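A.B. asks: Can you read through this structure? Questions will come right after.
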């Protein structure tokens, strides 16, 4: 709560809906054949949303270290490849970084699953996820630079 109150002035505006996105793109929703991705599964969150936000969310899952920091060199390479392939401007990624950072500060789905549903499947993700919000706040400029620099 204190972290949110300290950063309330940073609440971002809503992003423009720009395309169809998976909505839940992470390693457990990828199927592999050998070393290569073969399929993406679990399409129940498919929707029209800002594409760049999906990119930032996916990177925050794929490239988070166990202690809750992002592997910024991997993020930088991933974001660069996305910008090149999608023709996305750095400013689009920077705005998405800001919106997803704010979303993470307000995201308590793992706690709701644990306490309201009695579902403990996400419990192992909680330490890194909660640490990521703190780390991302502290390293905000470096994260923006990795995505948009």
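Residue numbers (this note's numbering): 5 to 153. C-beta: ideal position from N, C-alpha, C; glycine also. Because the structure is a prediction, the values reported are computed rather than measured.
1) Compute the Euclidean distance between the alpha carbons of residue 153 and residue 54, then round it to the nearest angstrom.
2) Quick one: using the 10 Å Cβ neighbour count with 16 as the cut-off for buried, is residue 140 buried or exposed?
3) Can you tell me the Cβ-Cβ gap for residue 6 and residue 72, rounded? I've got them flagged as a contact below 8 Å.
4) Could you give the distance in angstroms between the alpha-carbon of residue 117 and the alpha-carbon of residue 129?
5) Going by DSSP, which residues form a beta bridge with residue 41?
6) Compute the beta-carbon to beta-carbon distance between residue 79 and residue 150, rounded to the nearest angstrom, for a pair I have assumed lies under 8 Å.
7) With distances taken from CA atoms, which of 41, 74, 27 is nearest residue 147?
8) Use the C-beta contact count for residue 52: other C-beta atoms within 10 angstroms, 16 or more gives buried, fewer gives exposed.
9) Could you check which residue in 111, 106, 124, 145 has the C-alpha nearest to that of residue 10?
10) Can you say whether residue 115 is buried or exposed, counting buried as having 16 or more other CB atoms within 10 angstroms of its CB?
C.D. replies: Walking through what the data contain:
1) Rounded to the nearest angstrom, the two C-alpha atoms are 19 Å apart.
2) Burial call: buried.
3) Contact doesn't hold; Cβ gap of about 18 Å is too wide.
4) Taking the straight line joining both Cα atoms gives about 12 Å.
5) 36
6) 4 Å
7) 74
8) exposed
9) Nearest C-alpha to residue 10: 106.
10) exposed
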